[in-house]
Ligand code: PCA
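Residue numbers (my numbering): 196 to 406.
Here it is in structure tokens:
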């Protein structure tokens, strides 16, 4: 049976929930069909520990697909992240009080990796279902980008068969009640969106560059 690992982060920056974990958790044990099962794993919003938890989950599960989710408060659409950059510059401390500035995720790694999920096919499939999404060329320079880079580094060096990548999600409606003019998206829409990306990732090849 093929396994799909979905990760989401614990709340951070004073929030009581994190949309990424609400969505990942809702997909835990989602049975796409007899051949595929989904496992959700929460990651700490802590620079060092998030990579250790991720690596442990991958070593245990040996998934075919890894889709990492993170919250990007303020965005109105799902952000299908194309590029994981080898750069950290934390604008706030993480949940362990660490705030690395102007540094690298992997001192001997390349400057960036591309996601190897079928992002264009996923975008088309989402838009066909009228779910707002776009390709994003930067996952930021905080814990999400750090963990996304960590995933792609692991795929490159140890798990070449894994298809993996990162999606940033908007806030949930209950998170914006006291944040005027801030976009949000319903949990049911976000769950359907991630299900669409899971199905597309299992069926389609990663994006091919035009040469
Ligand atoms: N979003 C943060 C870290 C955890 C999360 O959900 C980010 O975008 O880096």
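Ideal placement from N, C-alpha and C gives every residue a C-beta, glycine not left out.
Model, not experiment: these values are computed from the prediction.
When every heavy atom of the ligand PCA is checked, does at least one fall within less than 8 Å of the C-beta of residue 337? As a first step, residue 337 must be located in the chain shown, where it is residue number 142. Placement of the Cβ of residue 337 at a distance of less than 8 Å from at least one heavy atom of the ligand PCA is found.
Other residues of its chain near residue 278: CB distance less than 6 Å, five sequence neighbours each side excluded: Stepping through the chain shown from its first residue, residue 278 is reached at position 83. Cβ neighbours of residue 278 beyond the five flanking positions: 307 and 332.
Can you find at least 3 beta carbon pairs, one from the segment 364-379 and one from the segment 266-277, that sit closer than 8 Å? Yes: at least three Cβ pairs fall under 8 Å.
So does residue 219 have its beta carbon nearer than 8 Å to some heavy atom of the ligand PCA? If you number the chain shown from 1, residue 219 lands on position 24. No, the Cβ of residue 219 stays beyond 8 Å of every heavy atom of the ligand PCA.
For residue 314, which option in 348, 299 and 330 has the closest C-alpha, if you only look at C-alpha atoms? To locate residue 314, count along the chain shown from 1; it is residue 119. Among 348, 299 and 330, the Cα nearest to that of residue 314 belongs to 330.
Reduced DSSP secondary structure (H/G/I, E/B, other) of residue 322: Position 127 of the chain shown, counting from 1, holds the residue named residue 322. Here DSSP, grouped into helix, strand and coil, assigns residue 322 to helix.
With distances taken between CB atoms, is the gap from residue 266 to residue 210 smaller than 9 Å? Numbered from its first residue, the chain shown carries residue 266 at position 71. Numbered from its first residue, the chain shown carries residue 210 at position 15. Yes. Within cutoff.
Between the Cα of residue 319 and those of 290, 380, 263 and 402, spot the shortest distance and give me the residue it belongs to. Locating residue 319 in the chain shown gives position 124, counting from the first residue. Closest by alpha carbon: 402.
Spatial neighbours of residue 327 in its chain, beta-carbon cut-off 6 Å, leaving aside the 5 residues before and after: Within the chain shown, residue 327 is the residue found at index 132, counting from 1. Result list for residue 327: 272, in chain order.
Could you please give the first and the last residue of the uninterrupted alpha helix (DSSP H) stretch that includes residue 347? What you label residue 347 is simply residue 152 of the chain shown in a count that begins at 1. First-last of the alpha helix (DSSP H) with residue 347: 338-352.
Over what stretch of residues does the alpha helix (DSSP H) that includes residue 306 continue unbroken? Position 111 of the chain shown holds residue 306. Looking at the DSSP string, residue 306 is not in any alpha helix (DSSP H), and its letter there is neither H nor E.
Start-to-end residues for the alpha helix (DSSP H) that takes in residue 260: Within the chain shown, residue 260 is the residue found at index 65, counting from 1. Looking at the DSSP string, residue 260 is not in any alpha helix (DSSP H); the run it does join, the beta strand (DSSP E), is 260-266.
Just tell me which of 343, 351, 348 and 286 has its CA closest to the CA of residue 262. Counted from its first residue, the chain shown places residue 262 at position 67. For residue 262, the closest alpha carbon among the candidates 343, 351, 348 and 286 is that of 343.
Would you say residue 333 touches the ligand PCA, meaning its beta carbon is less than 8 Å from a heavy atom? For the purposes of this step, residue 333 is identified with residue 138 of the chain shown, where counting begins at 1. Taking 8 Å as the cut-off, the C-beta of residue 333 does not count as close to any heavy atom of the ligand PCA.
Taking a contact to mean a Cβ-Cβ separation below 9 Å, would you say residue 280 touches residue 334 in this structure? For the purposes of this step, residue 280 is taken as the residue at position 85 of the chain shown. For the purposes of this step, residue 334 is taken as the residue at position 139 of the chain shown. Yes, the Cβ-Cβ distance between residue 280 and residue 334 is below 9 Å.
Range of the contiguous beta strand (DSSP E) that encloses residue 278: Indexing the chain shown from 1 puts residue 278 at position 83. According to the DSSP assignment, residue 278 belongs to the beta strand (DSSP E) that extends over 278-280.
Three-state secondary structure (DSSP) at residue 407? Lying outside 196 to 406, the shown extent of the chain, residue 407 is not represented and no answer is given.
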